[in-house]
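Top to bottom, those sequences are chains B and F. For our numbering, add 1349 to where a residue sits in the first sequence, where the first one is 1. For our numbering, add 6 to where a residue sits in the second sequence, where the first one is 1. Just so you know, even glycine gets a beta-carbon here, dropped at the ideal spot from N, CA and C.
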Amino acid sequence: MVVTTSGVEPDTLVEERTTWFAGQRTRRRLGHLAAYLLLTAGGIVMMVPFAWLVSSSLKSPQDIFVIPPEWIPADPRWENYKEVMSKLPFLTYLRNTLIITIGALVGQVASASVSAYSFARLRWPGRDVIFAIILATIMVPYTVTLIPTFILFKQFGWIDTFFPLIVPYWFGGGAFNIFLLRQFFRTIPMELDESARLDGASSWRIFVEIVLPLSKPAIAVVTVFGFLSHWNDFFGPLVYLNSEDHRTLALGLTALQGLAWGRDATHLVMAVSVIMIAPIIVLFFLAQRTFIEGIVLTGIKG
Amino acid sequence: MSTPGPSTQPVASSTVAPSTRRRGWSALRRRQALDGYLLAAPAILGLLIFTAYPVIYTFYLSFTEYNFVKTPVWVGLANYQDMVGDELFRKSLIQTFYYCALSIPLTLVGSFLVAILLNQGVRGISFYRTIWYLPALVPAAAAAALWRWILNRDFGIVNELLYRLGLPTPGWLVEPEWTIPTLALVAFWTGLGGTMLIFLAGLQGVPTHLYEAAALDGASAWRRLWNVTIPMMSPIIFFNLILGVIGSFQAFTTVYLIYTPTGSGSAGPSDSGMLYLIYLYRNAFQYFRVGYAAALSWVLFLIIVALTLFLFRMQRRWVYYEAEAR
């Protein structure tokens, strides 16, 4: 596939090339071996914390401080999970987290894709300037907007409700997501829109029937990123939610770490962490292909 | 990309009178502009309500004294003047720059190298990709709990290992001089996955013929990395650098959570983990010095804008854009 020179080549040159290719191949194999070794060694280092987390969550408060530590507890204490489940209103935390995550995610994906479509494929005066401004807002630290937004929601009487954590996401869904989707939408051939338009299709129909179906990977990326950010969000709930029965999983976990249970609750904190991480990892393994393939295909190109 | 329609269908275009055609086009165009505004309306409203207005309002608040309850009182430049003599403010600035100087290069270089290794066409790549991405999925609340435990001075697994190897066992999170490097390391663990994915996406876009040509010229792997991969990837390195700067200067959650068990708003041993946003949070939500917090916010905003502009200026020197070179 590489040899493109036309005409008859002297035999010596061909021979030279084949030996050169053979050398290249062994070298590439060596390179692969080195890559494997590095990836495996580093991967193990990155994974050790997870193993330690699970191991600690299955120990008794006494065993957890034993030195040298046991990696696989001889007598795993599954009761830790039962204890945590009964001591904390887990179902309430879970319900709250789900309401916020789904409520915000739907708005985020919908409004980000709609506006990205407008910025990518519709022509209107001022479009590029407004897009540039929206992109520039990535630089605005969230604390700059935090205080006035807090005051605004306070005037609405929305403090200690889920609205402040959901409603803003229905308005654009975040500059980064708009950017990501716009980049992807721009890679779809414009002729598709033009011919559909000449056939009398409305902008909305073009969006729903042409652009969206062709953009599944990009939508998947935004959805997974969005899900993670809401499920894992700590700061938003910290600022806006006060009462105990409005707590999310992240807030509940933090409350657990506090002084209430003293220093010896480490094994329980680890158990809650496992409970919090596990669904995400399962979900990730299910969505892994679409998600990573999606982001790798989407690419980030100016 | 778009080929002009009329030239391919000369017969059809000549049958339509020019005036009606123009009118048809402009109606279509007007319709499209209207649709454009309507569909972008949520984003534009969001920009106005949740960004523009708050940015301006915070700017106003930064000239006032305010505690969320009483009406703001105009105090002129007092908040900004207070910063000059504020020891903790200075400390938070220094620690934040220190933190950024460690965590940004660490994450950038580390995730770039991992992405390159993952891009070697090795088998089982999706397995490795997943492994390396997993830490990015961990919620900050859980990551903080986990790392507090792993880095525990007396019972943590890290010090246990170091002890067995006969190495010193520092108090990672409880000795002031170790705080920031430790926090940067935790940020590396959680931040690597996302940055790596963006690099991987970029690496897919580097044309393979460049590598083939370089290989035929007998360029070593090292030279190919230096002369092909890095120049071709420089726009993406730049993109990740900008996002890294913006994100690292706003680092808050993990650090806040790591030290929460030692008291809400705590910043570690002798305030050594006092990142900018922790100090800001303290002022706004613990001292209720909202005006001062607003001024701190605006200073951070200006720092980030200045750094971003600086990086954009510098990019001419090292960022390679294919379109320009052609």
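Annotation for P1497 of chain B: the continuous alpha helix (DSSP H) segment containing it runs Y1491 to Q1504.
M202 of chain F and Q1637 of chain B have their C-alpha atoms some 15 Å from each other. Its Cα nearest to that of D1582 of chain B, the residue B:T1450 stands out among B:Q1504, B:V1403, B:Y1466 and B:T1450. Look at V79 of chain F here: in three-state DSSP terms it is strand. Assignment of T188 of chain F by DSSP, reduced to helix, strand and coil, places it in the helix class. By the rule that beta-carbons nearer than 9 Å mark a contact, S1622 of chain B touches chain F. Nearest CB-CB separation between M1395 of chain B and chain F: below the 9 Å threshold.
Listed along the chain, the chain F residues whose CB falls inside 9 Å of the CB of V1455 of chain B amount to none; the nearest CB is some 13 Å away.
Here the alpha carbons of S1578 of chain B and Y1466 of chain B stand approximately 23 Å from one another. For Y1518 of chain B, no alpha helix (DSSP H) run applies, since DSSP gives it neither H nor E. Beta-carbon to beta-carbon, S240 of chain F and V120 of chain F are separated by about 18 Å, too far to satisfy the 8 Å threshold. In this structure, L1529 of chain B places its C-beta atom within 9 Å of the C-beta atom of A1567 of chain B. Residues of the region 1471-1491 of chain B with a Cβ closer than 8 Å to any Cβ of chain F, in chain order: L1471, R1472, W1473, P1474, R1476, I1479, I1482, I1483, T1486, I1487, M1488, V1489, P1490 and Y1491. Listed along the chain, the chain F residues whose CB falls inside 7 Å of the CB of A1599 of chain B are P145 and A147. Y105 of chain F has a beta carbon lying at 9 Å or more from every beta carbon in chain B. By the Cβ criterion, the region 253-267 of chain F is in contact with the region 276-283 of chain F, since at least three pairs of Cβ atoms, one from each stretch, lie closer than 8 Å. In the DSSP assignment, V120 of chain F falls within the alpha helix (DSSP H) that extends over E93 to L124. Only residues of its own chain outside the window of five on either side were considered, and among them V1458, A1461, N1526, L1529 and L1530 have a CB closer than 7 Å to the CB of V1571 of chain B, listed in chain order.
Annotation: Cβ neighbours of P141 of chain F in chain B (cutoff 9 Å, chain order): M1395, M1396, P1398 and F1399.
Residues of the region 1494-1520 of chain B with a Cβ closer than 7 Å to any Cβ of chain F, in chain order: T1494, I1496, P1497, T1498, P1517, W1519 and F1520. Within its own chain, the residues whose Cβ lies closer than 8 Å to the Cβ of T235 of chain F, once the five positions on either side in sequence are excluded, are I122, L209 and V212, listed in chain order.
When B:L1632, B:W1473, B:S1552 and B:Y1385 are compared, the shortest CA-CA separation from G127 of chain F is found for B:Y1385. The beta carbon of A33 of chain F does not come within 9 Å of any beta carbon belonging to chain B, so the residue lies off that interface. At a Cβ-Cβ threshold of 9 Å, V1560 of chain B and D1542 of chain B count as neighbours. Along the region 164-179 of chain F, the positions whose C-beta sits under 7 Å from a C-beta of chain B are E166, read in chain order. Taken through DSSP and simplified to helix, strand or coil, T70 of chain F comes out as strand. Within 8 Å of the CB of T214 of chain F, no CB atom of chain B is found; the nearest one sits about 10 Å away. The residue among F:I100, F:Y327, F:A148 and F:F291 with its C-alpha nearest the C-alpha of H1616 of chain B is F:A148. M238 of chain F and Y327 of chain F have their C-alpha atoms some 8 Å from each other. The Cβ atoms of F255 of chain F and I186 of chain F lie no closer than 9 Å to each other.
Straight across, the Cα-Cα distance linking G274 of chain F with Q1411 of chain B is about 27 Å. Within chain F, no C-beta atom comes less than 7 Å from the C-beta of H1595 of chain B; the nearest is roughly 16 Å away. Around the beta carbon of W304 of chain F, 16 or more other beta carbons lie within 10 angstroms, which makes this residue buried. Leaving aside the five residues that flank R154 of chain F on each side, the residues in its chain whose CB is nearer than 8 Å to its CB run, in chain order, L179, I264 and P267. Segment contact: the region 127-141 of chain F against the region 1392-1410 of chain B, three or more CB-CB distances shorter than 8 Å; contact assigned. Secondary structure note for Y217 of chain F: its alpha helix (DSSP H) is the uninterrupted segment T214 to L222.
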